[in-house]
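Here's the structure we're looking at; comments come further down.
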Amino acid sequence: MSEIKSDYPWLRPIVDYGPPVIFFITYYMTNLFVATAAIMIATILALILSYLTERRLPMMPLITAGLVGVFGGLTLWLNDETFIKMKPTIIQFIFASVLIGGLLANRLFLKSLMGGAWHMTDEGWRILTLRFAFFFFICAILNEIIWRTQSTDLWVNFKVFGLLGLTVLFILTQLPVLKRFSIKDSRDNLRSDDA
């Protein structure tokens with residue numbers, strides 16, 4: 000997910016989706032341990048690219064990079080694939096918990112992250128935040144079920160394509176909320192007043 004509107008629209012997809020694509024390709028060319036090292040390196044390179052381009056480090060990719068470093072490092076150090084397979088569960092659970100914690104503290108963290116892209120009332124942000132938190136919890140549970148009961152090949156496909164597909168589908172189902180609670184841009188209002 001993007002945080003702030005960027006002058007470099009190509010950057011967010013590279014930072015967000017480049018490392019998982021590298022992980023997927025490397026896994027099918029080699030094995031899970033080499034792919035783990037590859038995603039760790041790709042994540043660091045994506046953050047460096049982001050910093051060199053925008054002179055800032057986006058928060059969500061930075062958190063993800065920290066978790067990739069910890070769980071990837073444990074996977075390689077202990078030669079145990081359990082840790083890298085648990086990483087998506089932990090990331091999704093952290094995001095869900097932060098969103099719920101924010102709601103309880105009357106903070107709309109999702110609005111802070113996405114407010115530049117989506118203009119909505121606070122009521123809309125509360126609804127969307129609750130739904131995103133629920134979605135992240137469901138993804139965490141799904142990841143746990145899949146990595147514990149299915150083959151590594153199936154889990155890799157779920158991690159790369161399944162989670163992405165579910166996220167796109169989820170966002171599409173939220174379009175009515177975005178529309179219902181949208182706030183017209185003040186420039187649009189000025190144009191309609193002049194007409």
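Numbering that gives the first Met the number 0 puts the first residue of the sequence shown at 0, with every later residue one more than the last. Glycine is no exception: its CB is placed at the ideal position from the N, C-alpha and C atoms. Computed from a predicted structure; not experimentally measured.
{"Query": "Exposed unless 16 or more other CB atoms sit within 10 angstroms - verdict on L171", "Result": "exposed"}
{"Query": "CB of V155 within 8 Å of CB of Y16, strictly", "Result": "no"}
{"Query": "Same chain, Cβ closer than 8 Å to L107, five either side skipped, listed in chain order", "Result": "G101, D121, W124, R125, T128"}
{"Query": "Straight-line gap, T42 to F169 (C-alpha atoms, nearest Å)", "Result": "25 Å"}
{"Query": "Stretch pair the region 78 to 91 + the region 18 to 38: three plus CB contacts closer than 8 Å", "Result": "yes"}
{"Query": "Counted within 10 angstroms of its Cβ, other Cβ atoms place I182 as buried (16 or more) or exposed", "Result": "exposed"}
{"Query": "Nonlocal neighbours in the same chain, by C-beta distance under 6 Å from D6, ignoring five residues either side", "Result": "none"}
{"Query": "Every unbroken alpha helix (DSSP H) inside the region 91 to 179 [4 residues or more]", "Result": "108 to 113, 121 to 148, 151 to 156, 162 to 172, 174 to 179"}
{"Query": "Cβ shell of A37 (< 7 Å), same chain only, five flanking positions each side left out", "Result": "I21, F22, T25"}
{"Query": "Neighbour flag for R55 against chain D, beta carbons, 8 Å", "Result": "In the structure shown, chain D cannot be found, because there is only a single protein chain."}
{"Query": "Same chain only: Cβ atoms within 6 Å of E143, ignoring 5 sequence neighbours per side", "Result": "T88"}
{"Query": "Where W146 falls, given that 16 or more other Cβ within 10 Å makes a residue buried", "Result": "buried"}
{"Query": "8 Å contact criterion, which L109 and F136 should meet: CB distance rounded", "Result": "Between F136 and L109 the Cβ distance is about 15 Å, and since that is not below 8 Å, they are no contact."}
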